[in-house]
Amino acid sequence: MTSANPFPSLPDVPLFELTSQSFQDGETLHPAQRSGRLHAGGTDDSPQLSWNGAPAGTGSFAVTVFDPDAPGAGGFWHWAVVNIPADVTSLPEGAGAEDGPQLPPSAVQLKNDAGFSGYVGAAPPPGHGRHRYVVTVYALDVDELKAGSRPEGLEAQLAKHLLGQATLTGIYSR
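Per the working numbering: the sequence shown = residues 1041 to 1214.
So, in structure tokens, the structure goes:
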């Protein structure tokens, strides 16, 4: 099994708390967090997320959802959003809709590996086994991150500005 960390060069930083009403850490993702676009019987709703205990000096947050168990090199990016203001400590289920109406106005969604800016749900290949869907919230020391357009390009910017992080992992197989 490959590492669940999509950004291995990030520094060690303090951890803070991340919870979800959509799933519990280590448990199977509900149909809402599975993909309809990729024919996994879901509705492509990003999970509800709440976090607290971020380090002092946090200027903004970024959120990613990554499947390190996807076939091929590099895993699969399901969602990445940056420039969430420091006073926002939760996102409702479905905030990752393609047009992002439930996200703060400053937030920017990057293009996922399904080819659009927004959340795409879990959709491991049938018979491929258990996949991990790693949700990470990053606390950053800047209000705005110059992120580029793809999640894999975040590493250099996160490394410069990371203060803390929080992680939950959902599971799904079909």
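Glycine included, C-beta positions come from ideal geometry on N, C-alpha and C.
query = Grouping DSSP H, G and I as helix and E and B as strand, with all else coil, what is alanine 1094?
reply = coil
request  = Under the assumption that glycine 1156 contacts glutamate 1138 (Cβ atoms under 8 Å), give the Cβ distance between them as a whole number of angstroms.
outcome  = According to the sequence displayed, residue 1156 carries phenylalanine and not glycine. With a Cβ gap of about 6 Å, phenylalanine 1156 and glutamate 1138 count as contacting.
Backbone CA spacing between phenylalanine 1106 and glycine 1210 [nearest angstrom] = 10 Å
Cut-off 6 Å between Cβ atoms - residues of its own chain near valine 1103, not counting five sequence neighbours on either side = Val1121 and Val1177
message = If you follow the alpha helix (DSSP H) that leucine 1055 is in, where does it begin and where does it stop?
response = First-last for leucine 1055: undefined, no H or E at that position.
request  = Using DSSP bridges, identify the partner residues of leucine 1208.
outcome  = Val1175
message = Let's see if you can read the secondary structure: which residues bound the beta strand (DSSP E) around alanine 1120?
response = 1116–1125
Endpoints, beta strand (DSSP E) assigned at alanine 1102 = 1100–1107
key: Distance, serine 1090 Cα to proline 1054 Cα   = 17 Å
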